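Here is the structure we will look at, set down as structure tokens.
Residue numbers (the numbering used here): 1253 to 1432.
The following block contains the structure:
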């Protein structure tokens, strides 16, 4: 909670993400294209993007869809929009930790220990509520997929595969790890 009101601690990615989410929800453009780069969008948050303002986003449509949750509360200010993205990242860190505990319990491990190692990990706290990185969305969807694909039924495995696709569509970097 103490990290949430601060500016992004080490990375300007959250500002780009906040602008991209607004581009998706308020301007109706998919931020994966060059014509939807922050420098091409007339928006108060997009004008604040200082790093790669001419480049399209590296996130996916699932991240934009979920990242839009704070928009009704954030208004047009950079600080409020950044705060909203940090809250989303923090919520999904908690979800990731809880799901990690469930996976640990499922395979016979210590659920409390795993939940604590994920949810209280200083690097995770720095990255998600501190920096507002949306990787916690990808992680939560990926861990939920892991929980389901390790089940014996094909219905659960199919749902886990769908969640894997959703995780990849949140952050394309998971494509490299998804076969595992």
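By construction, the Cβ of each residue, glycine as well, lies at the ideal position given by its N, Cα and C atoms.
All values reported here derive from a predicted model rather than from experimental measurement.
Who are the Cβ neighbours of residue 1297 in its own chain at under 6 Å, not counting the five residues just before and after it?
-> Sequence index remark: in the chain shown, residue 1297 carries index 45 (1-based). When the five nearest sequence neighbours on each side are left out, the beta carbons in the same chain lying within less than 6 Å of the beta carbon of residue 1297 are those of 1270, 1271, 1274, 1330, 1333, in order along the chain.
Under a Cβ-count criterion, where at least 16 other Cβ atoms within 10 Å of its own Cβ denotes burial, should residue 1361 be classed as buried or exposed?
-> In the chain shown, the residue the question calls residue 1361 occupies position 109. Result: exposed.
7 Å Cβ shell around residue 1436 - same chain, five flanking residues per side excluded = Look at the range of the chain in this structure, 1253 to 1432, and you will see that residue 1436 is not part of it.
Keeping to the same chain, check which residues put their C-beta closer than 8 Å to that of residue 1364; ignore five residues upstream and five downstream.
-> Start at 1 with the first residue of the chain shown, and residue 1364 comes out as number 112. Cβ within range, chain order: 1353.
Residue(s) in a DSSP beta bridge with residue 1292 | Translated into the one-based positions of the chain shown, residue 1292 becomes position 40. Bridge partners of residue 1292: none, in fact.
Around the Cβ of residue 1293, are there at least 16 other Cβ atoms within 10 angstroms (buried) or fewer (exposed)?
-> Reading the chain shown from its first residue, position 41 is the one you call residue 1293. It is buried - the Cβ of residue 1293 has at least 16 other Cβ atoms within 10 Å.
Of all the options 1347, 1264, 1369, 1383, which has the alpha carbon lying nearest to the alpha carbon of residue 1257?
-> Your numbering for residue 1257 matches position 5 in the chain shown. The residue with the shortest Cα to Cα distance from residue 1257 is 1383.
Could you tell me how far apart the beta carbons of residue 1295 and residue 1278 are, in whole angstroms, since I believe they sit closer than 8 Å?
-> Within the chain shown, numbered from 1, the residue matching residue 1295 stands at position 43. Within the chain shown, numbered from 1, the residue matching residue 1278 stands at position 26. At roughly 7 Å, the Cβ-Cβ gap stays under 8 Å, so residue 1295 and residue 1278 are in contact.
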